[in-house]
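Numbering (the working numbering), first residue to last: 5 to 260. These notes are about the structure you will find just below.
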Ligand SMILES: [Zn+2]
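Below you can see the structure in the form of structure tokens.
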């Protein structure tokens with residue numbers, strides 16, 4: 005592990021995470037991510053540069069807007085810290101390079117899609133579509149280092165296809181956005197990683213759904229956005245697919 009790479013990854017994650025917050029807020033509202041400059045969602049006053057330092061501004065301001073003192077959502081520092089953490093773990097694993105860029109882009113998409121699905125119940129096509137294109141470009145640039153283009157394509161078909169069947173069977177519980185996200189996951193995780201990711205997503209989704217119903221936070225008929233569960237399943241596959249597959253194969257062959 006190269007400490008300098010990890011430090012650069014953390015700083016990059018904080019800066020990009022701050023930009024992802026802008027995308028998460030503006031994309032579902034059909035606002036440009038580039039203009040106008042960042043503003044407070046409550047009083048709409050333009051923020052100053054000192055209010056835009058990732059994590060630090062939130063702490064210094066005590067989680068409130070400098071002008072109108074309304075609360076700033078804790079989601080903002082969480083997205084910044086989460087992106088930095090993800091980038092750092094990836095850098096510790098492979099160092100900075102094409103492989104890191106490939107998975108850092110995937111991680112970024114998971115963060116933005118989860119946050120938008122949680123707050124607006126949509127998975128924007130522009131994120132899933134450009135995610136596959138960007139991933140394909142990085143795969144070609146890397147000479148297929150993290151995974152082959154064939155494996156990525158097979159994963160995309162398996163992820164999208166499996167989810168298409170589930171969308172059709174769920175009668176409106178899941179939508180086209182979930183299918184496109186599963187195809188995106190398949191592209192980045194390849195085969196058999198995508199199978200691990202989908203299986204983990206459904207296990208976590210079922211458990212959390214059951215808990216929300218038992219705790220009476222959600223009713224039996226309430227829809228729960230599935231994007232965040234697909235993202236969690238993806239992270240499990242991204243970091244633990246190989247040991248999980250080894251364990252499962254060992255279980256199949258060695259079980260008495
Ligand atoms: Zn304000």
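For each residue, glycine too, the CB sits at the ideal point set by N, CA and C. The model shown is predicted, which means the values in this text are computed figures rather than measured ones.
Residue 111 and residue 90: beta carbons closer than 9 Å? Yes.
Can you tell me the Cα-Cα spacing of residue 221 and residue 145, whole angstroms? Straight across, the Cα-Cα distance linking residue 221 with residue 145 is about 47 Å.
Whole angstroms are fine: how far does the CA of residue 52 sit from the CA of residue 261? Examination of residue 261 is not possible in this model, given that the chain is present from 5 through 260 alone.
Starting from residue 57, trace the alpha helix (DSSP H) both ways and give me its first and last residue. No residue range can be given for residue 57, since it is assigned to no alpha helix (DSSP H) and is classified by DSSP as neither H nor E.
Burial state of residue 184, where buried means 16 or more other Cβ atoms lie within 10 Å: So residue 184 counts as buried.
Could you pull out every unbroken alpha helix (DSSP H) segment of at least 4 residues lying fully inside the segment 126 to 197, listed in chain order? Counting only runs of at least 4 residues, the segment 126 to 197 fully encloses the following alpha helix (DSSP H) elements, listed from N- to C-terminal order: 129 to 145 and 153 to 173.
The alpha helix (DSSP H) enclosing residue 30, as first and last residue numbers: For residue 30, the enclosing alpha helix (DSSP H) has its first and last residue at 7 to 30.
For residue 68, which beta-bridge partners are listed by DSSP? Looking at the DSSP output, residue 68 bridges to 75.
Is there at least one non-hydrogen atom of ligand 1 closer than 8 Å to the beta-carbon of residue 46? Taking the Cβ of residue 46 as the reference point, at least one heavy atom of ligand 1 falls within a distance shorter than 8 Å.
According to DSSP, residue 50 sits in a beta bridge with which residue or residues? Beta-bridge analysis with DSSP links residue 50 to 43.
Can you give me the C-alpha to C-alpha distance between residue 194 and residue 243, rounded to a whole angstrom? In a straight line, the C-alpha of residue 194 is about 13 Å away from that of residue 243.
Tell me the DSSP secondary structure of residue 226 in three-state form. Residue 226 falls in the coil class under three-state DSSP.
Which residue comes first and which comes last in the alpha helix (DSSP H) that contains residue 120? Element bounds for residue 120: 102 to 124.
Spatially closest choice to residue 135 from 148, 167 and 109, by CA coordinates: Answer by Cα proximity: 109.
On a CA-only basis, which of 24, 47, 48 and 46 is nearest residue 37? Give me that one, please. Of all alpha-carbon atoms in 24, 47, 48 and 46, the one lying nearest the alpha-carbon of residue 37 is that of 24.
Name the residue from 66, 228, 207 and 206 whose alpha carbon lies nearest to the alpha carbon of residue 216. Nearest of 66, 228, 207 and 206 to residue 216, Cα basis: 228.
Classify residue 37 as helix, strand or coil using the three-state DSSP reduction. Three-state DSSP puts residue 37 in coil, outside helix and strand.
Selected residue, minimal CA-CA separation from residue 231, among 225, 84, 167 and 139: The shortest Cα separation from residue 231 among 225, 84, 167 and 139 belongs to 167.
Taking only three categories from DSSP, how would you classify residue 221? Residue 221: coil per DSSP, three-state reduction.
Can you tell which of 115, 256, 208 and 84 has the C-alpha that lies nearest to the C-alpha of residue 15? For the residues 115, 256, 208 and 84, the minimum Cα distance to residue 15 belongs to 84.
Any idea what DSSP makes of residue 99, helix, strand or coil? In this structure, residue 99 counts as coil in the three-state DSSP scheme.
If you compare alpha carbons, which of 79, 73, 153 and 224 is closest to residue 59? Comparing C-alpha distances from residue 59 to each of 79, 73, 153 and 224 shows the shortest one belongs to 79.
Stretch pair the segment 196 to 216 + the segment 234 to 242: three plus CB contacts closer than 8 Å: The segment 196 to 216, when compared against the segment 234 to 242, does touch it at the 8 Å Cβ threshold.
Quick check: does the Cβ of residue 49 come within less than 8 Å of any heavy atom belonging to ligand 1? Result yes, Cβ under 8 Å from ligand 1.
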